[in-house]
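Asks: Before I ask anything, here is the structure I am working with.
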Amino acid sequence: MKHTLSALTAAVLIASAPWAAAQNVAVVNGKPVPTSRVEALVKQIEAAGRPVDDATRAQIKEEVVLREIFMQEAQKRNVASTPEFKSQMELARQTIMIRALFADYQAKNPVTDADMKAEYDKFVAANAGKEYKARHILVEKEDEAKAIIANIKKGAKFEDVAKKESKDPGSGANGGDLDWAPAANYVPEFSEAMMKLQKGQMTDAPVKSQFGWHVIRVDDVRDAQLPSFEEVKPQLKQQMTQQKLQQYQQDLRAKAKIQ
């Protein structure tokens, strides 16, 4: 009877050995390293938007084994008893708890499609209208600007004068080209003068702003070219999710009793 029981026990152990091995990445100095540690790191990487292929998984397994080796050595040296270790552990615990709090809040308070559409509609309302493809020449003195206008009216090419005379480092080298932009992108004095110009027209008099004196020409005008809702949806979701979390943090700070 004893021999029968021993045989049965051995059979069970042999049968369960592959299953037990599958639960572990490795056995380090006699201590099993569970596969769950690998899966936890895999989830973190995937959550960050990075795919995990076989090569990456192999690297993760090696990392987990190395961590176990280092952990065992740290335990031998009793480093966990030092004040510095305890302080760092407390900071790590706080970080993990706070991260979990924010993740829980975001999971329970997601940004909806309706939220994003409402924000997109505000963007469209604020940016609808005309866009201008303008050029300008920026100088320090009004007399300089007047001389430039006179020179261009005599036949000088606007782009060439801009490259030579403009003090705007951003557009001067490109012949004064400001590319397409709505009037709201510019300071009021500039935009008001620009909107009065027809396609191909230049200002007859210099325009004063906080930056100096401008000579402005409008090369073209078109309806504002705005991205579709679907195009901006991913960016909008990320932005609004972050804003919502920041508001939650500010609300908690405002409600806290701090002495």
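Mapping of the sequence shown onto this note's numbering: residues 11 to 269, in sequence order. Every residue, glycine too, gets a C-beta built ideally from N, C-alpha and C. Just so you know, these numbers come straight off a predicted model, no measurement behind them.
For V37, which option in Q69, I70 and V74 has the closest C-alpha, if you only look at C-alpha atoms?
Replies: Position 27 of the sequence shown, counted from the first residue, corresponds to residue 37. Of Q69, I70 and V74, the residue nearest in Cα terms is V74.
Asks: Quick check: the Cα distance between W190 and G182, rounded to an integer number of angstroms?
Replies: For the purposes of this step, residue 190 is identified with residue 180 of the sequence shown, where counting begins at 1. For the purposes of this step, residue 182 is identified with residue 172 of the sequence shown, where counting begins at 1. Taking the Cα positions, W190 is about 16 angstroms away from G182.
Asks: Do T197 and S219 have their C-beta atoms closer together than 7 angstroms?
Replies: Residue 197 sits at position 187 when you count from the first residue of the sequence shown. Residue 219 sits at position 209 when you count from the first residue of the sequence shown. It should be pointed out that residue 197 corresponds to Val in this sequence rather than to Thr. Contact: yes.
Asks: Where does R263 sit, in a helix, a strand or coil, going by DSSP?
Replies: In the sequence shown, residue 263 corresponds to position 253, counting from 1. It is helical.
Asks: Determine which residues share a DSSP beta bridge with N34 and list them.
Replies: Counting from 1 along the sequence shown, the entry for residue 34 is found at position 24. P44, per the DSSP bridge assignment.
Asks: Can you check DSSP and say which residues form a bridge with Y130?
Replies: Residue 130 sits at position 120 when you count from the first residue of the sequence shown. In DSSP, Y130 forms no bridge with anything.
Asks: Could you spell out where the beta strand (DSSP E) holding A191 opens and where it closes?
Replies: The residue given as residue 191 occupies position 181 in the sequence shown. From DSSP, the beta strand (DSSP E) with A191 extends over D187 to P192.
Asks: Three or more beta-carbon pairs under 8 angstroms between the segment 160–174 and the segment 194–209, yes or no?
Replies: no
Asks: Between the Cα of F200 and the Cα atoms of K127, V134, L76 and L148, which residue gives the shortest distance?
Replies: Taking the sequence shown and counting its residues from 1, one reaches residue 200 at position 190. The option with the nearest alpha carbon to F200 is L148.
Asks: Below 6 angstroms CB to CB, which residues in the same chain sit around E78 once its five sequence neighbours on both sides are set aside?
Replies: What you label residue 78 is simply residue 68 of the sequence shown in a count that begins at 1. Same-chain partners within the cutoff: V38 and V43.
Asks: When DSSP labels each residue in this structure, what does R60 get in the three-state scheme?
Replies: Against the sequence shown, residue 60 aligns to sequence position 50. The answer is coil: DSSP assigns R60 none of H, G, I, E or B.
Asks: Any idea if A138 is buried or exposed, counting beta-carbon neighbours within 10 angstroms, 16 or more meaning buried?
Replies: Your numbering for residue 138 matches position 128 in the sequence shown. Burial call: exposed.
Asks: Considering only C-alpha positions, which residue in the set A124, N88, A84 and L51 is nearest to K71?
Replies: By one-based count along the sequence shown, residue 71 stands at place 61. The residue with the shortest Cα to Cα distance from K71 is L51.
Asks: Looking only at C-alpha atoms, which of P120, I55, K143 and K127 sits nearest to E240?
Replies: Position 230 of the sequence shown, counted from the start, is the residue given in the question as residue 240. For the options P120, I55, K143 and K127, the alpha carbon positioned closest to that of E240 is the one of K127.
Asks: Can you give me the start and stop residues for the beta strand (DSSP E) that S219 sits inside?
Replies: As a first step, residue 219 must be located in the sequence shown, where it is residue number 209. Note, S219: beta strand (DSSP E), V217 to S219.
Asks: Would you list the residues sitting across from E141 in a DSSP beta bridge?
Replies: What you label residue 141 is simply residue 131 of the sequence shown in a count that begins at 1. The partner list for E141 (beta bridge, DSSP) reads P192 and R232.
Asks: Using 8 angstroms as the threshold, is the segment 232–247 in touch with the segment 113–133, meaning 3 or more CB pairs across them?
Replies: yes
Asks: Which partner residues of I147 appear in the DSSP bridge assignment?
Replies: Along the sequence shown, one-based indexing puts residue 147 at 137. BP columns for I147 point to V225.
Asks: Using the rule of at least 16 other Cβ atoms within 10 Å of the residue's Cβ for burial, across every protein chain shown, is I226 buried or exposed?
Replies: Along the sequence shown, one-based indexing puts residue 226 at 216. Counting Cβ neighbours within 10 Å, I226 comes out buried, since at least 16 surround it.
Asks: Just curious, the alpha helix (DSSP H) that P93 is in, first and last residue?
Replies: Indexing the sequence shown from 1 puts residue 93 at position 83. Counting along the chain, the alpha helix (DSSP H) containing P93 begins and ends at P93 to K118.
Asks: Beta-carbon separation of K173 and G185 under 7 angstroms?
Replies: Numbered from its first residue, the sequence shown carries residue 173 at position 163. Numbered from its first residue, the sequence shown carries residue 185 at position 175. K173 places its beta carbon less than 7 angstroms from that of G185.
Asks: Using only alpha-carbon positions, find the residue among V48, P93, K254 and V89 that is nearest to K118.
Replies: Sequence index remark: in the sequence shown, residue 118 carries index 108 (1-based). Of the candidates V48, P93, K254 and V89, the one whose C-alpha sits nearest the C-alpha of K118 is K254.
Asks: Using the beta-carbon count (16 or more within 10 Å), is A144 buried or exposed?
Replies: Taking the first residue of the sequence shown as 1, we reach residue 144 at position 134. A144 is buried by the Cβ-count criterion.
Asks: Between D63 and E56, what straight-line distance do the alpha-carbon atoms span, to the nearest angstrom?
Replies: What you label residue 63 is simply residue 53 of the sequence shown in a count that begins at 1. What you label residue 56 is simply residue 46 of the sequence shown in a count that begins at 1. The alpha-carbon atoms of D63 and E56 are separated by roughly 11 angstroms.
Asks: Just grab the DSSP bridge partners of M212 for me.
Replies: On the sequence shown, position 202 is the one that residue 212 refers to. Answer is R227.
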